[in-house]
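Student: Sequence positions in the sequence shown follow the working numbering and run 4 to 272. Cβ coordinates follow ideal geometry from the N, Cα and C atoms, glycine included. Have a look at this one.
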Amino acid sequence: MIKKYSSILILVGGILFAQTTDLEKEKINNSPKSVEESFTKAIIRANIIEDYIQEFHTKTSYNTKGNINQKEHYSDTGDLLYTENYTYNDEGKLVKIEMTTEDQSFTKIHDFEYTTDGYKEIKSENETVIAETLYKIVDNKIVYQKDTSLLENGIFTERTNEYKGEQLLKTDVKYGKDGYVVNYKYNQNLLPIEEVVYDLKGKLVSKKRRKFDEKGNIIEENLYDSTGRLKTNNRIKYEYDTNGNWTVRTQFANNLEQPVSNSKRTIRY
Numbered sequence: 004m005i006k007k008y009s010s011i012l013i014l015v016g017g018i019l020f021a022q023t024t025d026l027e028k029e030k031i032n033n034s035p036k037s038v039e040e041s042f043t044k045a046i047i048r049a050n051i052i053e054d055y056i057q058e059f060h061t062k063t064s065y066n067t068k069g070n071i072n073q074k075e076h077y078s079d080t081g082d083l084l085y086t087e088n089y090t091y092n093d094e095g096k097l098v099k100i101e102m103t104t105e106d107q108s109f110t111k112i113h114d115f116e117y118t119t120d121g122y123k124e125i126k127s128e129n130e131t132v133i134a135e136t137l138y139k140i141v142d143n144k145i146v147y148q149k150d151t152s153l154l155e156n157g158i159f160t161e162r163t164n165e166y167k168g169e170q171l172l173k174t175d176v177k178y179g180k181d182g183y184v185v186n187y188k189y190n191q192n193l194l195p196i197e198e199v200v201y202d203l204k205g206k207l208v209s210k211k212r213r214k215f216d217e218k219g220n221i222i223e224e225n226l227y228d229s230t231g232r233l234k235t236n237n238r239i240k241y242e243y244d245t246n247g248n249w250t251v252r253t254q255f256a257n258n259l260e261q262p263v264s265n266s267k268r269t270i271r272y
């Protein structure tokens, strides 16, 4: 359940605003041609950091409209693992994402079909359709989303979003007989400073509170349980280039002195 709750921040920053470019979603300024990023995380046992491993290493190129053209994924030794290619129609809408491993043994495709009130995303692996997602859009904002697994007897998850102007106020999530509700609060810069999660009976499940720097990036996030007890405290430090884009992002957690993760980016303009 907690894993489902933790995914909401991605939703807020990503697909809710359907007409936002990829560079805008990622808050990358000055229209770079490509971004190379590596992410390293700590291996923690008994509250002690034992080692660090590379979680991912990607190279992403963008088209002139600020959307992803291609993304390459590499191993920790620098070998190319797989490539994602993005295809757009004449209107600039994304119509396909095709991921292929370097040895051509595995292919994953996301096809996008557009309608008058939204679009459908169809996911397949090695030519077998495994899932689909239906989106309904009003005023360039996703108001309804239904994720259906075609491999698990049609199991689905529904999300309904409520807005006030450009601000997402509430998300209702249902899967089977279960679900939860998330309420959002914003600061004067329209950044999401609080997310409160309730179960379907209205009982408090958890609360997140965030602080942002002057560039709109998260510098602290606290997660509280249903009793108000602090569960995790995450602090993030950034290094920026002359264009105001971060090139190093280091995350610390709770009382650990060493970082729990580190991201490095090389941005080519």
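1. Out of curiosity, what's the CA-to-CA distance linking Arg212 and Thr86?
2. At 3 residues or longer, and completely inside the stretch 33-95: list those beta strand (DSSP E) runs for me, N to C.
3. Note down the Cα distance separating Lys173 from Asp82, rounded to an integer number of angstroms.
4. Mind listing, in chain order, the continuous beta strand (DSSP E) runs of no fewer than 3 residues lying wholly within the stretch 134-197?
5. Pick helix, strand or coil for Asp216, following the three-state DSSP scheme.
6. May I ask you to report which of helix, strand or coil DSSP gives Thr114?
7. Which value, in whole angstroms, describes the spacing of the CA atoms of Tyr91 and Met102?
8. Between the beta-carbon of Arg238 and the beta-carbon of Phe255, is there less than 7 Å?
9. Among Glu197, Leu194, Thr163, which has the Cα closest to the Cα of Gly182?
10. From which residue to which residue does the alpha helix (DSSP H) around Leu26 run?
11. Rounded C-beta distance between Ser264 and Lys44? I'm assuming under 8 Å.
12. Which residues bound the beta strand (DSSP E) around Arg271?
13. What does the Cβ neighbour count give for Tyr187, buried or exposed, with the cut at 16 atoms within 10 Å?
Tutor: The relevant details are as follows:
1. For the pair Arg212 and Thr86, the Cα-to-Cα distance works out to about 36 Å.
2. Within the stretch 33-95, complete beta strand (DSSP E) segments of at least 3 residues are found at 37-48, 51-65, 71-77, 83-91, given in chain order.
3. Pairing Lys173 with Asp82, the inter-Cα distance amounts to about 43 Å.
4. Those beta strand (DSSP E) runs which fall completely within the stretch 134-197 and span 3+ residues are 144-152, 159-167, 170-178, 181-189.
5. It is coil, neither helix nor strand.
6. The sequence given here places Asp at residue 114; Thr does not occur at that position. Three-state result, Asp114: strand.
7. When the Cα atoms are used, Tyr91 and Met102 turn out to be separated by approximately 15 Å.
8. Contact: yes.
9. Answer by Cα proximity: Thr163.
10. Judged by DSSP secondary structure, Leu26 falls within the alpha helix (DSSP H) whose first and last residues are 25-28.
11. The pair is a contact, with the Cβ atoms about 4 Å apart (cut-off 8 Å).
12. 264-271 is the span of the beta strand (DSSP E), which, as asked, contains Arg271.
13. Answer is buried; the Cβ neighbour count reaches 16.
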